[in-house]
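So the protein sequences, as listed, match chains F and H. Numbering follows my numbering, in which position 120 of the first sequence is assigned residue number 129; successive positions increment by one, without gaps. Numbering follows my numbering, in which position 214 of the second sequence is assigned residue number 223; successive positions increment by one, without gaps. Just so it is clear, CB atoms sit at the ideal spot from N, CA and C, and this is done for glycine as well. Please read all numbers here as calculations on a predicted model, not as lab measurements. Note sheet for the following structure.
There are 2 protein chains.
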Amino acid sequence: LDNRPIGVFDSGLGGLTVVKQLKALLPNEDIVYFGDTGRVPYGTRSNETIIKYATQDVNFLQSFDVKMIIAACGTVSSVLPEEISKSFNIDYTGVLLPASQDACSKTKNKRIGVIGTSATINSGAYEKVIKSIIPDAEVFTNACPMFVPLVENGFIERDNKIAKLVAEDYLEMFKKENVDTLILGCTHFPIIKDIIGDVLGESVTLIDPGFSTAKIAKDILLKTNKLSENQSTSDINYFVSDTQSGFTKIASIFLGETVETSPKTVDLNN
Amino acid sequence: LDNRPIGVFDSGLGGLTVVKQLKALLPNEDIVYFGDTGRVPYGTRSNETIIKYATQDVNFLQSFDVKMIIAACGTVSSVLPEEISKSFNIDYTGVLLPASQDACSKTKNKRIGVIGTSATINSGAYEKVIKSIIPDAEVFTNACPMFVPLVENGFIERDNKIAKLVAEDYLEMFKKENVDTLILGCTHFPIIKDIIGDVLGESVTLIDPGFSTAKIAKDILLKTNKLSENQSTSDINYFVSDTQSGFTKIASIFLGETVETSPKTVDLNN
Chain F
10 LDNRPIGVFD SGLGGLTVVK QLKALLPNED IVYFGDTGRV PYGTRSNETI
60 IKYATQDVNF LQSFDVKMII AACGTVSSVL PEEISKSFNI DYTGVLLPAS
110 QDACSKTKNK RIGVIGTSAT INSGAYEKVI KSIIPDAEVF TNACPMFVPL
160 VENGFIERDN KIAKLVAEDY LEMFKKENVD TLILGCTHFP IIKDIIGDVL
210 GESVTLIDPG FSTAKIAKDI LLKTNKLSEN QSTSDINYFV SDTQSGFTKI
260 ASIFLGETVE TSPKTVDLNN
Chain H
10 LDNRPIGVFD SGLGGLTVVK QLKALLPNED IVYFGDTGRV PYGTRSNETI
60 IKYATQDVNF LQSFDVKMII AACGTVSSVL PEEISKSFNI DYTGVLLPAS
110 QDACSKTKNK RIGVIGTSAT INSGAYEKVI KSIIPDAEVF TNACPMFVPL
160 VENGFIERDN KIAKLVAEDY LEMFKKENVD TLILGCTHFP IIKDIIGDVL
210 GESVTLIDPG FSTAKIAKDI LLKTNKLSEN QSTSDINYFV SDTQSGFTKI
260 ASIFLGETVE TSPKTVDLNN
């Protein structure tokens, strides 16, 4: 047993949708969360920059003696090479492999869709991993960059006309291609799951990588006998790289419950 | 006369809408453009961070022995205190004062609207400057953060339904308040000027800060006898702080003509 915290990072606060699922599945685990709000978004950066930032984020979390690190960021999960994540020398998972495994176990017609930021989609990483699990799967992808600002600017109500129009614009192709499973490959997207579901209909299973990743994290902790003995509910320590006036409000949307503690600010450039 | 280049910077490539107007009004001036694409967007950062970045941007441009610096960034223009811009010790203008002066000379009913990023609007800077020119002006402001991703993701055609719905959502209040002049207080907004104009109608004069700023820049060069003697068309050198695969495409949209040279990449964090 191991009472040390789990380290979770993302380019911003979207990774809290993964923390939400972690809290539900592993309610006694403490968490150190780092949101790189001073350098968000990663999705439009070069691969070189993304790898540099991710490595700095991991080093920062390791300074807290965490027992495991989760890259709760679709972009990092898709871009960071395995030889680098292995070099961290700690139990590590992104959201890419767990979500792909989940999608492969759910699909019946082997037609899987993936949506994410431009960097995630352009990397081709989901396609590669899915085909390593189901070689004859057909994978259809579409970058949905407008979903991020929609969520961050509060266009998230199920009946929001603008969000619905954008969703129809981006998702039309998945209906045409008859996919039966869609991976929501960006941490922001589960927030508008209802809107996406309304466009695609009930026949399409939506995969929330946060949920898939929380299951994998639990598996790893069980196998390595590192579950926490704490009986209290999990404690979350928040760190960000730039102060945001709306932190509490935005964090609460992603976490799905009221965030009451303020984040500490750190600068990883120095 | 002074053949040195003019330095122009922005958080990203949006500042090229200001360069477009500079080229039209001062066709023989060479320009060094820095787009801080590695740290974009500024609009959601803290004031402290924005001031730090802007100072680094100016220092970088000064390394090219420029004769004048233009902050082609609504956020920097609104947030940077005058005592800091004066300390640069070089002819300097943002877009805030030129656009405000233009709006004040155009309004008939003294009811002026301003749209921009959240940082620009929250700073209250436009309101303050406009009231220093017309003390009894009524200023109405609204942050339009979704306009930026709309432009960057190509939702810019005049008949685009999504862009039109977002514009209606943000601009409704200005119709109700009967403004006769609206400042497009973010470099991205002139790109969707037609859409904004369609929502507000012909009775509202739209102020493009890029045009206002180019006029002021010309005035300064005339007054200080620093116009270029070059007879050739202006040469633009592009610098960015992160490589973007779509640079040419995005830069061409903002500049309004095909950009053929590639940018050089620099890292101001080191």
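Please list, in chain order, the chain F residues whose beta carbon lies closer than 8 Å to that of residue i.
i: T196(H); result: Residues of chain F passing the Cβ test: none, with the nearest at roughly 17 Å.
i: D178(H); result: I171
Label residue i either buried or exposed according to how many other C-beta atoms from any shown protein chain fall within 10 Å of its C-beta, with 16 as the threshold for buried.
i: M155(F); result: buried
i: R54(H); result: buried
i: P144(H); result: exposed
i: I142(F); result: exposed
i: R167(H); result: exposed
i: D66(F); result: buried
i: L10(F); result: exposed
i: G133(F); result: exposed
i: A33(H); result: exposed
i: K137(H); result: exposed
i: D244(H); result: exposed
i: S96(F); result: exposed
i: D111(F); result: buried
i: T242(F); result: exposed
i: P272(H); result: buried
i: D228(F); result: exposed
i: P50(H); result: buried
i: T126(F); result: buried
Since residue i contacts residue j with CB under 8 Å, what's their CB separation in whole angstroms?
i: T26(H); j: I59(H); result: Rounded, the Cβ-Cβ distance is 20 Å, inconsistent with contact.
i: L277(F); j: F73(F); result: Between F73(F) and L277(F) the Cβ distance is about 14 Å, and since that is not below 8 Å, they are no contact.
i: A80(F); j: F18(F); result: 6 Å
i: T150(H); j: V123(H); result: 5 Å
i: G24(F); j: V75(F); result: Going by Cβ atoms, the distance from G24(F) to V75(F) rounds to 14 Å, so no, they are not a contact pair.
i: G194(H); j: T129(H); result: 5 Å
i: D189(F); j: K140(F); result: Contact doesn't hold; Cβ gap of about 17 Å is too wide.
i: R48(F); j: S250(F); result: 6 Å
i: G52(F); j: L22(F); result: Incorrect: roughly 14 Å between the Cβ atoms, too far for contact.
i: K115(H); j: T214(H); result: 5 Å
Can you pull the chain H residues whose beta carbon is under 7 Å from the beta carbon of residue i, in chain order?
i: I99(F); result: What I99(F) touches in chain H: nothing, since even the nearest Cβ is about 26 Å away.
i: T58(F); result: G47 and D251
i: R167(F); result: Residues of chain H passing the Cβ test: none, with the nearest at roughly 16 Å.
i: V175(F); result: I171
Just reading off the beta strand (DSSP E) that residue i is part of, what are its end residues?
i: G44(H); result: I40 to G44
i: Y101(H); result: D100 to T102
i: M77(H); result: M77 to A80
i: Y247(H); result: I245 to V249
i: N151(F); result: E147 to A152
i: L193(H); result: T190 to L193
i: V157(H); result: Per DSSP, V157(H) belongs to no beta strand (DSSP E); it is in the alpha helix (DSSP H), F156 to E161.
i: I121(F); result: R120 to G125
Give the residues of chain F in contact with residue i, contact being defined as C-beta atoms less than 7 Å apart.
i: M155(H); result: P158 and N162
Grab the span of the alpha helix (DSSP H) containing residue i for me, first residue to last.
i: A223(H); result: P218 to K232
i: G83(F); result: G83 to V88
i: N56(F); result: N56 to Q71
i: D111(F); result: L105 to K115
i: I171(H); result: K170 to K185
i: F18(H); result: Not the alpha helix (DSSP H): F18(H) falls in the beta strand (DSSP E), residues I15 to D19.
i: G255(F); result: From DSSP, G255(F) is part of no alpha helix (DSSP H); its letter is neither H nor E.
i: L31(H); result: L25 to L34
i: I142(H); result: A134 to I142
i: G206(H); result: K202 to L209
i: S96(F); result: E91 to S96
List, in chain order, every chain F residue whose beta-carbon is nearer than 9 Å to that of residue i.
i: S55(H); result: G47, D251, T252, Q253, S254 and T274
Return yes when the C-beta of residue i is under 7 Å from any heavy atom of the ligand ZN, and no when it is not.
i: N151(F); result: Within the structure as shown, the ligand ZN is missing, as the structure has no ligands at all.
Under 8 Å between beta-carbons, which chain H residues line up against residue i? List them in chain order, please.
i: N278(F); result: N278
For the 8 Å Cβ check, are there 3 or more pairs between the region 205–218 of chain H and the region 174–191 of chain H? yes
Okay, do the region 249–264 of chain F and the region 213–233 of chain F touch, 3+ Cβ pairs below 8 Å being the bar? no
If we count Cβ pairs, one from each stretch, closer than 8 Å, do we get three or more for the region 236–245 of chain H versus the region 38–46 of chain H? yes
Is the region 156–163 of chain F close to the region 182–189 of chain F, with three or more CB pairs under 8 Å? no
Cβ contact (3+ pairs, closer than 8 Å) linking the region 215–227 of chain F and the region 98–116 of chain F: Counting Cβ pairs under 8 Å, three or more are found: they touch.
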